[in-house]
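Quick notes on the structure that follows.
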Ligand code: ADP
Ligand code: MG
């Protein structure tokens with residue numbers, strides 16, 4: 143079966159620092175992948191290459207059979223124009239650590255904005271869908287609130303509803319709970335668990351080991367730009383094969 147996401151030989155260097163050193167990954171449709179790894183190991187860069195927010199130096203990213211960021215002619219790759227890149231990116235949701243909501247828009251407007259901008263829906267349709275999505279993340283009663291009037295957990299749930307609004311093929315989450323006060327982490331993880339149960343293809347960078355254990359199909363441990371090991375949570379978390387994984391887990395568990 144063709145995976146939803148396929149990375150082959152992905153390399154990325156900033157200056158002289160090789161941040162990704164040949165990443166191969168296959169993520170099946172409907173699967174939840176949790177990416178673990180020390181700070182600076184390349185987790186955010188890896189996520190950002192999947193939707194071409196970061197251009198790879200070498201290697202390929204394919205999402206749902208589509209080469210991301212490039213067109214292949216013979217054995218050469220040509221970067222796509224901005225419009226085509228934005229179209230590809232619209233199929234890949236991204237949820238950031240710091241929510242990145244538009245401060246001057248209400249929760250409802252934040253969620254309704256993208257489907258209107260991409261002309262996928264009329265304004266009325268987009269508002270209707272936005273309300274349904276806010277309801278799904280438990281925030282129907284906060285539709286008219288501005289981000290500053292919402293808690294961090296509520297803002298992150300709005301950001302998740304916004305990611306869902308374009309009906310993406312997959313959603314990438316970059317440490318979605320690490321900017322939250324501890325008492326607000328649970329409400330966001332609950333939403334992630336619901337999405338996982340609904341069969342959403344998700345890639346989640348997180349240090350929430352409990353979430354990884356319950357919700358992940360695959361846990362990937364990244365260190366210094368390489369996949370050190372990957373497998374079901376019971377294997378990677380409870381019986382890590384590599385010393386570096388063990389050392390990392392002993393710090394976060
Ligand atoms: P992680 O998310 O695992 O903490 P990152 O992918 O953010 O790691 O970063 C990996 C390394 O790449 C770090 O050393 C970081 O400083 C560096 N890096 C990330 N983005 C850039 C950039 N735009 N320019 C230069 N260096 C970067
Ligand atoms: Mg990061």
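Residue numbers (the working numbering): 143 to 395. Cβ atoms here follow ideal geometry from the backbone N, Cα and C, with glycine treated the same way. Bear in mind the structure is a predicted one, so any value in this text is a computation, not a measurement.
Count the other CB atoms within 10 Å of the CB of residue i; is the residue buried (16 or more) or exposed (fewer)?
{"i": "residue 350", "result": "buried"}
{"i": "residue 379", "result": "buried"}
{"i": "residue 319", "result": "buried"}
{"i": "residue 390", "result": "buried"}
{"i": "residue 301", "result": "buried"}
{"i": "residue 392", "result": "exposed"}
{"i": "residue 270", "result": "exposed"}
Measuring straight from C-alpha to C-alpha, what distance separates residue i and residue j?
{"i": "residue 362", "j": "residue 177", "result": "5 Å"}
{"i": "residue 237", "j": "residue 322", "result": "14 Å"}
{"i": "residue 163", "j": "residue 387", "result": "18 Å"}
{"i": "residue 366", "j": "residue 167", "result": "16 Å"}
{"i": "residue 377", "j": "residue 358", "result": "12 Å"}
{"i": "residue 241", "j": "residue 298", "result": "5 Å"}
{"i": "residue 317", "j": "residue 331", "result": "11 Å"}
{"i": "residue 395", "j": "residue 287", "result": "37 Å"}
{"i": "residue 224", "j": "residue 381", "result": "44 Å"}
{"i": "residue 355", "j": "residue 175", "result": "11 Å"}
{"i": "residue 219", "j": "residue 252", "result": "35 Å"}
{"i": "residue 184", "j": "residue 335", "result": "25 Å"}
{"i": "residue 372", "j": "residue 352", "result": "17 Å"}
Taking residue i as the reference, which of the options has the closest Cα?
{"i": "residue 180", "options": "216, 348, 294 and 324", "result": "348"}
{"i": "residue 276", "options": "213, 250 and 292", "result": "250"}
{"i": "residue 156", "options": "187, 308 and 145", "result": "187"}
{"i": "residue 384", "options": "376, 370, 143 and 224", "result": "370"}
{"i": "residue 231", "options": "333, 280 and 312", "result": "312"}
{"i": "residue 342", "options": "159, 239, 171 and 158", "result": "171"}
{"i": "residue 192", "options": "218, 217, 233 and 395", "result": "233"}
{"i": "residue 169", "options": "272, 211, 346 and 356", "result": "346"}
{"i": "residue 151", "options": "165, 354 and 337", "result": "165"}
{"i": "residue 327", "options": "190, 211, 239 and 228", "result": "239"}
{"i": "residue 208", "options": "307, 260 and 227", "result": "227"}
{"i": "residue 265", "options": "375, 372, 283 and 307", "result": "307"}
Beta carbon of residue i: closer than 8 Å to some heavy atom of the ligand ADP?
{"i": "residue 318", "result": "no"}
{"i": "residue 161", "result": "yes"}
{"i": "residue 341", "result": "no"}
{"i": "residue 334", "result": "no"}
{"i": "residue 353", "result": "no"}
{"i": "residue 308", "result": "no"}
{"i": "residue 398", "result": "Here the chain comprises residues numbered 143 to 395, so residue 398 is not present and cannot be evaluated."}
{"i": "residue 364", "result": "yes"}
What do you reckon, is the C-beta of residue i under 8 Å from a heavy atom of the ligand MG?
{"i": "residue 392", "result": "no"}
{"i": "residue 186", "result": "yes"}
{"i": "residue 347", "result": "yes"}
{"i": "residue 181", "result": "yes"}
Examine the ligand SAM and report whether any of its heavy atoms sits within less than 8 Å of the Cβ of residue i.
{"i": "residue 176", "result": "By its list of ligands, the structure shown excludes the ligand SAM, since it contains just the ligand ADP and the ligand MG."}
Let me see if you follow: with CB-CB separation under 9 Å, is residue i close to chain C or not?
{"i": "residue 288", "result": "The displayed structure is made up of one protein chain only, and chain C is not part of it."}
Exercise for review: Check whether the segment 273-293 touches the segment 187-200, counting contact only when three or more Cβ pairs, one atom from each stretch, lie closer than 8 Å.
Suggested key: Below 8 Å, too few C-beta pairs join the segment 273-293 and the segment 187-200 to call them touching: fewer than three.
Point to revise | Segment contact flag, the segment 322-342 with the segment 285-298, C-beta cutoff 8 Å, min 3 pairs | key: Short answer: they touch.
Exercise for review: Count the CB pairs spanning the segment 200-220 and the segment 144-153 that are closer than 8 Å, and state whether there are at least three.
Suggested key: In this structure the segment 200-220 touches the segment 144-153; the number of beta carbon pairs closer than 8 Å is three or more.
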